[in-house]
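A.B. asks:
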DNA sequence: ATAGTTAATGATACCAAGTCTCTTTAACGG
DNA sequence: CCGTTAAAGAGACTTGGTATCATTAACTAT
Ligand SMILES: [Mn+2]
Ligand SMILES: [Mn+2]
Ligand SMILES: [Zn+2]
Ligand SMILES: [Zn+2]
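Chains as they are written, first to last, in our numbering: chain F, 1097 to 1243; chain P, 1097 to 1243.
1) Residues in the stretch 1222-1234 of chain F with C-beta within 7 Å of chain P's C-beta atoms, listed in sequence order?
2) What is the DSSP secondary structure of residue 1227(P), reduced to helix, strand or coil?
3) If the criterion is Cβ atoms closer than 8 Å, does the pair residue 1137(F) and residue 1183(F) meet it?
4) Is the CB-CB distance between residue 1180(F) and residue 1135(F) below 8 Å?
5) Ligand 3 and residue 1234(F): does any heavy atom of the ligand fall closer than 7 Å to the residue's C-beta?
6) If we define contact as Cβ-Cβ less than 8 Å, is residue 1205(F) a contact residue for chain P?
7) Taking the alpha-carbon positions, what's the residue 1239(F) to residue 1119(F) distance?
8) Tell me whether the stretch 1106-1120 of chain F and the stretch 1161-1168 of chain F touch, counting them as touching only if at least three CB pairs, one residue from each stretch, are closer than 8 Å.
9) Does the distance from the C-beta atom of residue 1221(F) to that of residue 1210(F) stay below 8 Å?
10) Could you pull out every residue in the same chain whose Cβ sits closer than 6 Å to the Cβ of residue 1199(P), ignoring the five residues on either side in sequence?
11) The alpha helix (DSSP H) spanning residue 1200(F) covers which residue range?
12) Please determine whether the Cβ atom of residue 1135(F) lies at a distance below 7 Å from any heavy atom of ligand 3.
13) Quick check: does the Cβ of residue 1168(P) come within less than 7 Å of any heavy atom belonging to ligand 4?
14) So, helix, strand or coil for residue 1237(F), using DSSP?
15) Return the first residue and the last residue of the alpha helix (DSSP H) that residue 1143(F) is part of.
16) Going by the beta-carbon positions, is the gap between residue 1125(P) and residue 1146(P) smaller than 8 Å?
17) Just the C-alpha distance for residue 1229(F) and residue 1173(F), rounded to the nearest angstrom, thanks.
18) By Cβ distance, which residues of its chain are closer than 7 Å to residue 1154(F), with the 5 residues on each side in sequence left out?
19) Using the Cα positions of residue 1156(P) and residue 1133(P), report the straight-line distance between them to the nearest angstrom.
20) Which residues in the same chain as residue 1114(F) place their Cβ atom closer than 7 Å to its Cβ, once the five residues preceding and following it in sequence are excluded?
21) Indicate the three-state DSSP secondary structure (helix, strand or coil) for residue 1097(F) in the structure shown.
22) Could you name the residues of chain F that residue 1214(P) contacts, counting a contact when the two beta carbons are closer than 8 Å?
23) Tell me the rounded alpha-carbon separation between residue 1192(F) and residue 1216(P).
24) Could you tell me if the beta carbon of residue 1194(P) falls within a distance shorter than 7 Å of some heavy atom in ligand 4?
25) Return the CA-CA distance between residue 1162(F) and residue 1212(P), expressed in angstroms with no decimal places.
26) Is residue 1195(P) buried or exposed, if buried means 16 or more other CB atoms sit within 10 Å of its CB?
27) If distances are taken between C-alpha atoms only, which option among 1227(P), 1206(P), 1129(P) comes closest to residue 1171(F)?
28) Can you tell me where the alpha helix (DSSP H) with residue 1169(F) in it begins and where it stops?
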């Protein structure tokens, strides 16, 4: 039996439909899989979970969802690109390098600071990219995992 | 006749030698080419300029120079990885999206701010990645280049 | 100066992460 | 129900890089 769609999945799909995209069954499979992730994930992880969906379709869906603002790209310290559900609007992440969890960083003062610094350099700010790496609260207590 | 080495190139090579790496002729060619760049560049650009040097050697040299702290990686807005000469130590860049120039951002308050924000989230900061995009002073005045 | 040791090179195969092309399918609007 | 057109999927291709390994050449010690 097909896994039941979460309301989150329904919501993601609705976002796509509002933007004029069709509700196809591969697309529903993709948003369901995404809704089931509990932390950031890669395109390839999604592909492993959806062997029946074409590779191009997965990448196309990810692009649409990023463009719609419901997914955001997350760059890990090693350079790997992951995705995760986004709180709409620009924000950043505190990424735990230990357990892979992430916390959103909303309404911090970075924008103001960057504006100040930029104008000091006679630079007209238009965008920025920031990722913050470290250990989350849980992993701070826990002794480091032996490799 | 072989292009004369700039003192910058000599300096780069010296850094490598100090770290126990041999002064080979492909390596000299690479540091010379790097010393001749006037802005950030990609590995492939370097390759085009050095058709006689093997691909692996170019990537290996870039890695060594990054590890030595004399080159830094720069992530452009579109996701392309570039390199540029580094002022040793951690710093960031103001990248002009118009002309491709970049200004180093030293001693800005970002570290302090991130520490404040992190501890507010009970997060133990260990690193971060920041790139700032916009228009440099020159390009602010100039009307946008027609595509 | 010579020889020995070992780092470094480069040819080539390989790989990861995507993108492009093109034919076929199916969603949706009328 | 039909027609239009978006979307899918197969598969070739691309980009940016890494791994392997036989050969070469820097440096070191004599
Ligand atoms: Mn986010
Ligand atoms: Mn720099
Ligand atoms: Zn953690
Ligand atoms: Zn500029």
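For each residue, glycine too, the CB sits at the ideal point set by N, CA and C.
C.D. replies: Taking the structure as given:
1) Of all residues in the stretch 1222-1234 of chain F, 1222, 1223, 1224, 1225, 1226, 1227, 1228, 1229, 1230, 1231, 1232, 1233 have a Cβ within less than 7 Å of some Cβ in chain P.
2) One-based indexing of the second chain puts residue 1227(P) at position 131. It is a strand residue.
3) Here residue 1137(F) corresponds to residue number 41 of the first chain, with the count starting at 1. Here residue 1183(F) corresponds to residue number 87 of the first chain, with the count starting at 1. No. Outside cutoff.
4) Here residue 1180(F) is taken as the residue at index 84 of the first chain, counted from 1. Here residue 1135(F) is taken as the residue at index 39 of the first chain, counted from 1. Contact flag set, yes.
5) The sequence position of residue 1234(F) within the first chain is 138, counting from 1. In terms of side-chain proximity, the C-beta atom of residue 1234(F) is found nearer than 7 Å to a non-hydrogen atom of ligand 3.
6) If you number the first chain from 1, residue 1205(F) lands on position 109. With 8 Å as the cut-off, residue 1205(F) counts as an interface residue toward chain P.
7) Here residue 1239(F) is taken as the residue at index 143 of the first chain, counted from 1. Here residue 1119(F) is taken as the residue at index 23 of the first chain, counted from 1. If I take the Cα positions, the gap works out to 46 Å.
8) Output reads yes: the stretch 1161-1168 of chain F touches the stretch 1106-1120 of chain F.
9) In the first chain, the residue the question calls residue 1221(F) occupies position 125. In the first chain, the residue the question calls residue 1210(F) occupies position 114. Cβ distance < 8 Å, so residue 1221(F) and residue 1210(F) count as in contact.
10) Numbered from 1 along the second chain, position 103 holds the residue referred to as residue 1199(P). The answer, listed in chain order, is 1190.
11) As a working mapping, residue 1200(F) is identified with position 104 in the first chain. Run containing residue 1200(F): none in the alpha helix (DSSP H); it sits in the beta strand (DSSP E), 1198-1201.
12) By one-based count along the first chain, residue 1135(F) stands at place 39. When distances are taken from the beta-carbon of residue 1135(F) to the heavy atoms of ligand 3, even the shortest one reaches 7 Å or more.
13) Counted from its first residue, the second chain places residue 1168(P) at position 72. Residue 1168(P) has its Cβ no nearer than 7 Å to any heavy atom of ligand 4.
14) Within the first chain, the letter at position 141 stands for residue 1237(F). Helix.
15) The residue labelled residue 1143(F) in the question sits at position 47 within the first chain. It spans 1139-1145 - the alpha helix (DSSP H) in which residue 1143(F) sits, taken as one unbroken run.
16) In the second chain, counting from the first residue as 1, residue 1125(P) sits at position 29. In the second chain, counting from the first residue as 1, residue 1146(P) sits at position 50. Their beta carbons are under 8 Å apart, which means residue 1125(P) touches residue 1146(P) by this criterion.
17) Start at 1 with the first residue of the first chain, and residue 1229(F) comes out as number 133. Start at 1 with the first residue of the first chain, and residue 1173(F) comes out as number 77. Taking the straight line from one Cα to the other gives about 7 Å.
18) Within the first chain, numbered from 1, the residue matching residue 1154(F) stands at position 58. The beta carbon of residue 1154(F) sits closer than 7 Å to those of 1126, 1139, 1142, 1143, 1146, all from its chain and outside the five residues before and after it, given in chain order.
19) For the purposes of this step, residue 1156(P) is taken as residue 60 along the second chain, with counting starting at 1. For the purposes of this step, residue 1133(P) is taken as residue 37 along the second chain, with counting starting at 1. Straight-line Cα distance between these residues: approximately 18 Å.
20) Along the first chain, read from residue 1 onward, the residue named residue 1114(F) stands at position 18. Excluding sequence positions up to five before and after residue 1114(F), its CB lies less than 7 Å from no other CB in the same chain.
21) Here residue 1097(F) refers to the residue found at position 1 of the first chain. The pLDDT assigned to residue 1097(F) is 47, lower than 50, so where the model puts this residue is not dependable, and the model offers no usable value.
22) Counting from one through the second chain, the residue named residue 1214(P) turns up at place 118. By Cβ distance, chain F contributes 1190, 1228, 1230.
23) As a working note, residue 1192(F) is residue 96 in the first chain. As a working note, residue 1216(P) is residue 120 in the second chain. Their Cα atoms are separated by approximately 15 Å.
24) Position 98 of the second chain, counted from the start, is the residue given in the question as residue 1194(P). Indeed, a heavy atom of ligand 4 lies less than 7 Å from the Cβ.
25) Along the first chain, one-based indexing puts residue 1162(F) at 66. Along the second chain, one-based indexing puts residue 1212(P) at 116. Their backbone Cα atoms lie some 30 Å apart in a straight line.
26) As a position in the second chain, residue 1195(P) is number 99, starting the count at 1. With fewer than 16 Cβ atoms within 10 Å of its Cβ, residue 1195(P) is classed as exposed.
27) Mapped onto the first chain, residue 1171(F) falls at position 75. The candidate whose alpha carbon is nearest that of residue 1171(F) is 1227(P).
28) The residue you call residue 1169(F) lines up with position 73 of the first chain. Run containing residue 1169(F): none in the alpha helix (DSSP H); it sits in the beta strand (DSSP E), 1167-1171.
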